[in-house]
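Undergrad: Take the numbering used here: the last position of the sequence shown gets the number 615, and nothing is skipped along the way.
Sharing a structure with you now.
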Amino acid sequence: MREEQIEKLRGVVRDCVSKHLYSSAIFFADKVAAFTDDPADIYMQAQALFLGRHYRRAYHLLNASKIVLRDLRFRYLAAKCLEELKEWDQCLLMLGDAKVDEHGNVYDTKDCNVMYLDKDSEDREINISSAICFLRGRAYEALENRALARHWYKAAIKADPLCYEALECLVENHMLTFEEETSLLSSLQFGPEDRWLSSFYSCLIKKYDKECVIEAKFREVEKESCNSNPSSPSFMHTLKNNTDLLACKAEYFIQCGEYQKCFELTSDLLEKDPFHLKCTLVHLAAAVELGNSNELYLMASNLVKDYPQKTLSWFAVGCYYYCIKKYDQSRRYFSKATSLDGTFAPAWIGFGNAYAAQEEGDQAMSAYRTAARLFPGCHLPTLYIGMEYMRTHSYKLAEQAKTICPSDPLVYNELGVVAYNMKEYNKAVLWFEKTLKHIPSLSQLWEPTVINLAHAYRKLKIYHEAISCYERALTISTRSLSTYAGLAYTYHLQDNFTAAITCYHKALWLKPDDQFCTEMLSLALVDEGRRGIDPKIEFR
């Protein structure tokens, strides 16, 4: 057969692959390889087999070739076949010996004499070494060696910053702390044309910086533009409305406690892209915080119908049952989510929260500790461990368990609660004030923090500040028993009995059988009566 006919058949194979006609691609690739016995054509045949999910046959074909250990493409594709077959130890053997340090620097590699033959290479491609490092990370993670997996993922993105999957694994699985993520990004060597990617990556990592720094990062990415028609400025396109970027913003809103703002943003995003799973996860979290059980039911139903094999679907079902306070059912589905994917952090935390809601402390602590071990870069498991210690009045242990996440107001709030219960009221005031500084806008969700701050001021006998905080809480909600009771008691301590009586009455209107307010109202009435009597008058 003439060379031009062979080249035409190669074109047919490539076209079949692009049209997802894999059986046709396998058929014609097999004939081309038989005619030429060219390594590039054998590779094309193996590629068609891999895409057609004939992993064992593709591996056999590659392994039988004489250059499998000399051409990195052959070795990598053979290892990918073993990955699909879940033969992880064999996958690592195929990739060859190499070592990596904790910073992602590869050394002692035996790949010095390998070739990389690629007739059809593109103008811009992912470095094959980066792909190999990433596959090593996947294998080690599957073998539950998360420390080595973390090192190889670092090596993958260092070898080529375009290997987004490596960064995704590090960030989504919470393998690195905020400081480690920042250090890794600063070490990446981006080309001049990839500066936008550096800015985008900085928005993907943990958002623990100050509010102004994070918002500046978002603005920098939004300014990146591409003019598809230089003759017309109206064709200028930016990343401002990119779904991935807006999903990152939604994550930031939920971390700041702006659940309503987050929910509105994710609702808009899911209208445009209903199957964006990262946005869906953030949407579920916001819906749980807002107690929106109807939305959770709808989302869970759709996810189970569209993605019955995905962890997120069963996590959504667990969220729905958790929201309607059916904790036994919620645990069942959170457990199912962790069995499908043991590296899905939200399911472990939800599992612990469902136990904690029923005051089953030992099981809750077990789930939180598992999450803390699996996800060292996530501060939430440690935070919940501290909250669980606090529930059992182990305040010293709770204080030690809190991990500072500089932009999460919930951390500061819980530290304030710990300090208050340990009778360290000055420290409690500092923590509660710091909490409120990290909340862009007060909502009903943060009313307890304002009330706690008022209680702390009252304990310190700074009554005017306490009254100011109680009144601030009343602007958020006018139907809070604890606010009226606290305000009444503070007025009572100031000997302002008239104001105290008024507030006790308002508290009892909300809950007529409240024992504290009933007793204190009686005392306030007695004190008010005594104050109206001239002490010089003697009764006989």
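Even for Gly, the Cβ is constructed at its ideal location relative to N, Cα and C.
Please name the residue, chosen from Asn-496, Ile-460, Gln-330, Leu-585, that lies closest to His-513 on a Cα-to-Cα basis.
TA: Ranking Asn-496, Ile-460, Gln-330, Leu-585 by Cα distance to His-513 puts Gln-330 first.
Undergrad: Of all the options Phe-265, Leu-245, Phe-426, Lys-161, which has the alpha carbon lying nearest to the alpha carbon of Leu-279?
TA: Per the Cα distances, Leu-245.
Undergrad: Check Thr-577 in the structure and name its three-state DSSP category.
TA: Three-state DSSP puts Thr-577 in a helix.
Undergrad: Give me the Cα-Cα distance between Ile-81 and Asp-269, rounded to the nearest whole angstrom.
TA: For Ile-81 and Asp-269, the distance between alpha carbons rounds to 38 Å.
Undergrad: Label Pro-383 either buried or exposed according to how many other C-beta atoms from any shown protein chain fall within 10 Å of its C-beta, with 16 as the threshold for buried.
TA: Its Cβ having fewer than 16 others within 10 Å, Pro-383 is exposed.
Undergrad: Of all the options Phe-110, Ile-207, Cys-166, which has the alpha carbon lying nearest to the alpha carbon of Val-175?
TA: Closest option to Val-175, Cα to Cα, is Ile-207.
Undergrad: Taking the DSSP output, what are the residues bridged to Tyr-182?
TA: The partner list for Tyr-182 (beta bridge, DSSP) reads Lys-174.
Undergrad: Apart from the five residues just before and just after Val-392, which ones in its own chain have a Cβ nearer than 6 Å to its Cβ?
TA: So the qualifying residues of the chain are Ala-375, Tyr-408.
Undergrad: Could you check if Glu-489 is buried or exposed, using at least 16 other CB atoms within 10 Å of its CB as the buried criterion?
TA: Buried, by the Cβ-count rule.
Undergrad: Can you grab the Cα-Cα spacing for the pair Gly-425 / Lys-83, in whole Å?
TA: Rounded to whole angstroms, Gly-425 to Lys-83 spans 56 Å at the Cα level.
Undergrad: Taking only the alpha-carbon atoms, compute the straight-line gap between His-135 and Ile-201 and give it to the nearest angstrom.
TA: Distance between the alpha carbons of His-135 and Ile-201 is about 26 Å.
Undergrad: Evaluate Pro-421 with the Cβ neighbour count: other Cβ atoms within 10 Å of its Cβ, from every protein chain shown; 16 or more gives buried, anything less gives exposed.
TA: By the neighbour-count rule (16 or more Cβ atoms within 10 Å), Pro-421 is buried.
Undergrad: Go ahead and pull the three-state DSSP assignment for Glu-162.
TA: Note: Glu-162 maps to coil in three-state DSSP.
Undergrad: Starting from Cys-544, follow the alpha helix (DSSP H) in both directions and report where the run begins and ends.
TA: First-last of the alpha helix (DSSP H) with Cys-544: 538-551.
Undergrad: When the Cα atoms are used, what is the spatial distance from Gly-662 to Ile-117?
TA: The structure shown does not extend to residue 662, since the chain is modelled only from 76 to 615, so the question has no answer here.
Undergrad: Where does Lys-586 sit, in a helix, a strand or coil, going by DSSP?
TA: Note: Lys-586 maps to coil in three-state DSSP.
Undergrad: To the nearest angstrom, report how far apart Gly-171 and Gln-120 are at their CA atoms.
TA: Distance between the alpha carbons of Gly-171 and Gln-120: 23 Å.
Undergrad: Whose CA, out of Lys-281, Ala-360, Cys-287, Thr-553, lies closest to the CA of Phe-338?
TA: The candidate whose alpha carbon is nearest that of Phe-338 is Ala-360.
Undergrad: If you run the structure through DSSP and keep just helix, strand and coil, what is Phe-226?
TA: Note that residue 226 is His in the sequence shown, not Phe. Residue state, collapsed to three classes: helix.
Undergrad: Which same chain residues end up closer than 6 Å to Lys-233 when comparing Cβ atoms and leaving out the 5 residues on each side of it in sequence?
TA: Around Lys-233: Gly-179.
Undergrad: For Gln-590, count the other beta carbons within 10 Å of its own beta carbon; 16 or more makes it buried, fewer makes it exposed. Which is it?
TA: Gln-590 should be labelled exposed.
Undergrad: With 16 other CB atoms within 10 Å as the buried threshold, where does Pro-484 fall?
TA: Pro-484 is buried by the Cβ-count criterion.
Undergrad: Does Thr-257 come out as helix, strand or coil in the three-state DSSP assignment?
TA: Thr-257: helix per DSSP, three-state reduction.
Undergrad: With a threshold of 8 Å on Cβ separation, who are the neighbours of Leu-415 within its own chain once the five nearest residues in sequence on each side are excluded?
TA: Closer than 8 Å at the Cβ level, and outside the excluded window around Leu-415, lie Gln-384, Lys-385, Thr-386, Trp-389.
Undergrad: Can you tell me whether His-95 is buried or exposed? The criterion is at least 16 other CB atoms within 10 Å of its CB, across all chains shown.
TA: His-95 comes out exposed.
Undergrad: Do the segment 258-278 and the segment 453-469 meet, that is, are 3 or more Cβ pairs less than 8 Å apart?
TA: Taking 8 Å as the limit for Cβ pairs, the verdict is that the segment 453-469 does not touch the segment 258-278.
Undergrad: Going straight from the alpha carbon of Glu-370 to that of Arg-448, what length do you get?
TA: Going from the Cα of Glu-370 to the Cα of Arg-448 covers about 32 Å.
Undergrad: Taking only the alpha-carbon atoms, compute the straight-line gap between Tyr-545 and Thr-577 and give it to the nearest angstrom.
TA: Answer to the nearest angstrom: the Cα atoms are 15 Å apart.
Undergrad: For Phe-409, which of helix, strand or coil comes out of DSSP?
TA: DSSP places Phe-409 in helix when its eight states are reduced to three.
Undergrad: Is Leu-535 helix, strand or coil by DSSP?
TA: DSSP places Leu-535 in coil when its eight states are reduced to three.
Undergrad: Would you check if the distance between the CB atom of Val-296 and the CB atom of Leu-314 is smaller than 8 Å?
TA: Closer than 8 Å, so yes.
Undergrad: Which of the three DSSP states is assigned to Ile-514 in this structure?
TA: In the structure shown, Ile-514 sits in coil (DSSP, three-state: anything other than H, G, I, E or B).
Undergrad: Using the Cβ count rule (16 or more neighbours within 10 Å means buried), how would you classify Ile-399?
TA: It is exposed - the Cβ of Ile-399 has fewer than 16 other Cβ atoms within 10 Å.
Undergrad: Rounding to the nearest angstrom, what Cα-Cα distance links Leu-289 and Ala-325 in this structure?
TA: The identity of residue 289 in the sequence shown is Ile, whereas the question assumes Leu. Their Cα atoms are separated by approximately 13 Å.
Undergrad: Based on Cα-Cα distance, which residue from Gln-335, Arg-294, Phe-450 lies nearest to Ser-518?
TA: Nearest option by C-alpha distance: Gln-335.
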